[in-house]
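Asks: Sequential numbering from 103 applies to the first sequence in our numbering. Note that the Cβ used here is the ideal one computed from N, Cα and C, for glycine as well. Below you'll find the structure I mean.
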Amino acid sequence: MRRTDYFLPTLKEDPSEAQIVSHRLMLRAGMVRQSAAGIYSWLPLGLRVLRKIEEIVREEQNLAGAIEVLMPTLQPAEIWRESGRYEDYGKEMLRITDRHQRDLLYGPTNEELITQIFRDSVRSYKELPRNLYHIQWKFRDEIRPRFGVMRGREFLMKDAYSFDIDETSARTAYQKMFIAYMRTFDRLGLRAIPVAADTGPIGGDLSHEFIILAETGESEVFCHADLLSRAAPDADYDGDLATVIEPFTSLYARSDEMHDAALFEAEVPTDKQVRARGIEVGHIFYFGQKYSGPMGCRVAGADGKEVDVHGGSYGIGVSRLVGGIIEACHDEAGIVWPWAVAPFQIGVINLKPGDEQTDALSGKLYAHLTQKGLDVLYDDRNERAGGKFSDMDLIGLPWQAVIGPRGAAAGEIEIKNRKTGEKRSLDFEAACALLASPPPSDPPSASPAAQDKA
RNA sequence: CGGGGCAUGGCGCAGUCUGGUAGCGCACCUGGUUUGGGACCAGGGGGUCGCAAGUUCGAAUCUUGCUGCCCCGACCA
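Spelled out as structure tokens, the structure:
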């Protein structure tokens with residue numbers, strides 16, 4: 103993409119309404135614009151990141167055997183009355199009345215809808231287990247939206263719903279999602295900590311929140327330090343999943359609401375005790391027959407008797423992750439994107455548009471990298487060098503390729519690693535080879551800055 | 001919803017107390033000089049001062065009502 107053809111309205115100054123770093127940077131980098139409190143328009147650069155995250159989430163869901171559907175944003179109130187949540191949900195649910203005075207709502211989640219679909223279509227245990235997911239916009243009318251897209255009212259979320267014949271089978275469905283989540287966050291360049299979460303009236307050990315460490319995180323996390331260095335499991339969903347998950351669930355990890363100080367002291371050696379702030383980016387949950395019962399979602403078992411199916415739901419905050427990643431990956435100058443989600447992997451800066459040699463070399467590099475399938479942003483604007491450098495640092499593309507008159511005359515391209523700041527001058531071939539893969543420093547592990555606060 | 005704050009050109013702000021020609025920086029447009037980390041000179045465009053009533057000869061400024069946004073708290077992917 104040539105910068106002169108693109109829509110990328112960057113801001114030199116911080117907008118006054120943005121307090122936390124990810125919100126500031128998203129506004130300054132021209133990723134989003136606020137439409138109303140907690141409601142955002144996604145500009146081209148932000149949309150690219152959102153789509154990349156979405157695609158990684160989708161790939162991992164598919165690998166784990168989940169099947170994609172798409173449910174609407176608006177739902178009839180009727181099914182929520184069936185489950186009993188229409189009255190329970192409170193003011194967070196945005197209620198709408200259509201021209202026929204029918205009660206609708208902008209979906210805050212989709213348990214009812216998917217249960218309705220499933221119960222109307224599936225009669226036999228032979229069609230279980232099944233896991234259906236979608237990636238869709240949701241709305242929760244938060245009392246106080248804040249932190250930009252991290253806590254908006256409208257947000258993009260992946261939510262999956264599993265259907266099983268019994269709890270044993272549901273446990274397997276849960277474990278698959280657990281593994282898929284660890285893999286997803288790993289691919290996004292994040293280190294997520296699975297913390298035990300409150301299972302509510304159902305009880306049991308089948309609820310985890312996935313938290314990434316960040317100084318501005320909303321929740322406090324207490325965990326064993328080894329969880330920060332565990333690599334994500336392989337995508338092998340046929341083996342003994344409990345064994346795969348065990349290394350993640352056996353170590354102490356809880357958020358403030360579930361924290362047990364005495365247990366923490368007893369289970370975790372002092373030098374391994376991590377206390378940090380974090381952002382919840384995913385939540386998986388087994389809820390048993392909570393919706394299938396009241397909503398009559400039953401299938402015939404092998405013995406011919408009907409049973410209420412066992413359900414679980416599994417959410418990932420896709421739009422929240424955009425902010426979350428920035429919280430974990432930035433520096434003084436701006437964003438530092440992990441390769442996998444960078445809106446463009448490479449920024450080419452032509453320092454002197456109009457100069458025959460720099461135009462030729464910049465154009466050649468841009469064409470060559472683009473042809474290789476890389477996402478390249480080519481800054482061909484006739485701006486001052488400083489402005490282009492600052493802009494490129496701000497939007498945080500992993501690699502920068504700088505071409506000026508002196509280098510062009512010598513056939514050299516200056517490559518800068520955004521994360522480390524390291525610069526090297528290379529000839530065309532060497533530059534192309536280097537730019538084709540992630541910088542060696544990528545992907546980052548959990549934010550060291552956040553850990554220091556422990 | 002309780003407490004606090006803000007609303008003046010695209011962005012950041014001054015002006016409001018003490019009513020009297022709407023201003024500054026950045027951005028934008030034109031011309032020129034510049035050109036490796038946010039240049040300089042000259043000229044220029046753009047604002048019903050959030051909305052509505054009121055007080056007044058006269059309101060960005062005073063009064064009342066409303067709306068929107070931000071921050072702190074209780075709640076959430």
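With respect to the alpha helix (DSSP H) encompassing phenylalanine 265, which residues constitute its N-terminal and C-terminal limits?
Replies: No alpha helix (DSSP H) contains phenylalanine 265, which is instead part of the beta strand (DSSP E) from 256-266.
Asks: What are the boundary residues of the beta strand (DSSP E) that cysteine 325 is part of?
Replies: Element bounds for cysteine 325: 321-326.
Asks: Report, in whole angstroms, the separation of the C-beta atoms of alanine 57 and serine 394, which I expect to be a contact under 8 Å.
Replies: Residue 57 cannot be examined here, being either before or after the span of the chain that is shown, 103 to 556.
Asks: Between which residues of its own chain and alanine 533 is the CB-CB distance below 8 Å, once the five residues before and five after are set aside?
Replies: So the qualifying residues of the chain are Leu467, Ala503, Ile515, Ile517.
Asks: Determine the DSSP secondary structure at valine 224, reduced to helix, strand or coil.
Replies: Coil at valine 224, not helix or strand.
Asks: Considering only C-alpha positions, which residue in the set Gly319, Val411, Leu290 is nearest to arginine 153?
Replies: Nearest option by C-alpha distance: Leu290.
Asks: Output the distance between the C-alpha atoms of lysine 260 and isoleucine 418, rounded to the nearest integer angstrom.
Replies: Taking the straight line from one Cα to the other gives about 5 Å.
Asks: Count the other CB atoms within 10 Å of the CB of proline 541; is the residue buried (16 or more) or exposed (fewer)?
Replies: Proline 541 comes out buried.
Asks: CA-CA distance, glycine 509 and aspartate 433?
Replies: C-alpha separation (whole angstroms): 28 Å.
Asks: Excluding five sequence neighbours on each side, which residues of the same chain lie with their C-beta closer than 7 Å to the C-beta of alanine 272?
Replies: Same-chain partners within the cutoff: Ser264, Asp266, Tyr388, His412, Gly414.
Asks: Taking only the alpha-carbon atoms, compute the straight-line gap between serine 549 and threonine 199 and give it to the nearest angstrom.
Replies: Here the model assigns serine 549 a pLDDT of 39, short of 50, so the residue's position is not dependable and the matter cannot be decided.
Asks: Nearest CA to the CA of alanine 538: which residue from Gly449, Val401, Lys521?
Replies: Closest by alpha carbon: Gly449.
Asks: Just tell me which of Lys490, Ile237, Asp482 has its CA closest to the CA of threonine 56.
Replies: Residue 56 lies beyond the stretch modelled for the chain, which goes from 103 to 556, so this question has no answer here.
Asks: Once the 5 residues before and after leucine 423 are set aside, which same chain residues still bring their CB inside 6 Å of it?
Replies: These residues qualify, in order along the chain: Ile155, Val383.
Asks: Could you pull out every residue in the same chain whose Cβ sits closer than 8 Å to the Cβ of tyrosine 354, ignoring the five residues on either side in sequence?
Replies: Cβ within range, chain order: Phe324, Cys325, His326, Leu365, Phe366, Glu369, Val370.
Asks: Going by the DSSP bridge assignment, what does threonine 199 pair with across the sheet?
Replies: DSSP, once it has assigned bridges, lists Asp205 as partnering threonine 199.
Asks: Anyone know if the C-beta pair for isoleucine 314 and isoleucine 237 falls short of 8 Å?
Replies: Contact flag unset, no.
Asks: Leaving out five residues before and five after glutamine 553 in sequence, what residues of the same chain have Cβ atoms less than 8 Å from its Cβ?
Replies: Unreliable positioning characterises glutamine 553 in this predicted model, as indicated by a pLDDT of 37, which lies under 50. The coordinate reading is nonetheless provided below. If we look at glutamine 553 and ignore the five residues flanking it on each side, its Cβ neighbours are Leu315, Leu330, Val376, Ala378.
Asks: Relative to the C-alpha of glycine 506, which residue among Ala469, Met252, Gly465, Ile428 is closest?
Replies: Checked all of Ala469, Met252, Gly465, Ile428; the closest Cα to glycine 506 is Gly465.
Asks: What are the boundary residues of the beta strand (DSSP E) that valine 376 is part of?
Replies: Residues 375-390.
Asks: Leaving out the 5 sequence neighbours to the left and right, which residues in its chain are closer than 7 Å to glutamate 115 when beta-carbon positions are compared?
Replies: Closer than 7 Å at Cβ, skipping near neighbours: no residue.
Asks: Under 8 Å: do the stretch 247-255 and the stretch 133-141 share three or more Cβ pairs, one atom per stretch?
Replies: Because the criterion of three Cβ pairs below 8 Å is met, the stretch 247-255 and the stretch 133-141 touch.
Asks: When you compare each of Gly319, Pro296, Glu317 to leucine 308 by their alpha carbons, which one comes out closest?
Replies: For leucine 308, the nearest C-alpha among the options comes from Pro296.
Asks: Leaving out five residues on either side along the sequence, give the residues of the same chain with a beta carbon under 8 Å from the beta carbon of alanine 404.
Replies: Tyr227, listed in sequence order.
Asks: Starting from the C-beta of leucine 165, find all residues in its chain whose C-beta is less than 8 Å away, skip the five residues before and the five after it, and write them out in chain order.
Replies: Excluding sequence neighbours, leucine 165 sits near Ala282, Arg285, Ala337, Tyr339.
Asks: Which one of Pro500, Phe530, Glu531, Gly513 has the shortest CA to CA distance from glutamate 524?
Replies: Measuring from the Cα of glutamate 524, the nearest candidate turns out to be Pro500.
Asks: Start and end of the alpha helix (DSSP H) containing proline 83?
Replies: There is no way to answer for residue 83, as the model of the chain reaches only from 103 to 556.
Asks: At which residues does the beta strand (DSSP E) containing glutamine 136 begin and terminate?
Replies: Glutamine 136 -> beta strand (DSSP E) spans 134-138.
Asks: So, at 7 Å on beta carbons, what are the nonlocal neighbours of threonine 211 in its own chain, with the 5 sequence-adjacent residues on each side left out?
Replies: Excluding residues within five positions, the ones whose Cβ falls inside 7 Å are Lys240, Asp261.
Asks: Give a yes or no on whether the C-beta atoms belonging to methionine 494 and isoleucine 427 are separated by under 8 Å.
Replies: Cβ atoms of methionine 494 and isoleucine 427: not closer than 8 Å.
Asks: Can you name, in chain order, every residue of its own chain whose Cβ lies under 8 Å from the Cβ of tyrosine 108, other than the five neighbours on each side?
Replies: Pro146, Leu479, listed in sequence order.
Asks: Would you list the residues sitting across from tyrosine 416 in a DSSP beta bridge?
Replies: The partner list for tyrosine 416 (beta bridge, DSSP) reads Ala262, Ile386.
Asks: For the putative contact between isoleucine 437 and isoleucine 347, defined by C-beta atoms under 8 Å, what is the C-beta separation to the nearest angstrom?
Replies: About 33 Å; that fails the 8 Å criterion.
Asks: Closest to threonine 301 by C-alpha separation, out of Ala402, Gly390, Leu292, would be which residue?
Replies: That would be Gly390, whose Cα lies nearest to the Cα of threonine 301.
Asks: Report yes if the C-beta distance between tyrosine 276 and alanine 168 is below 8 Å; otherwise report no.
Replies: Not a contact, by the Cβ cut-off of 8 Å.
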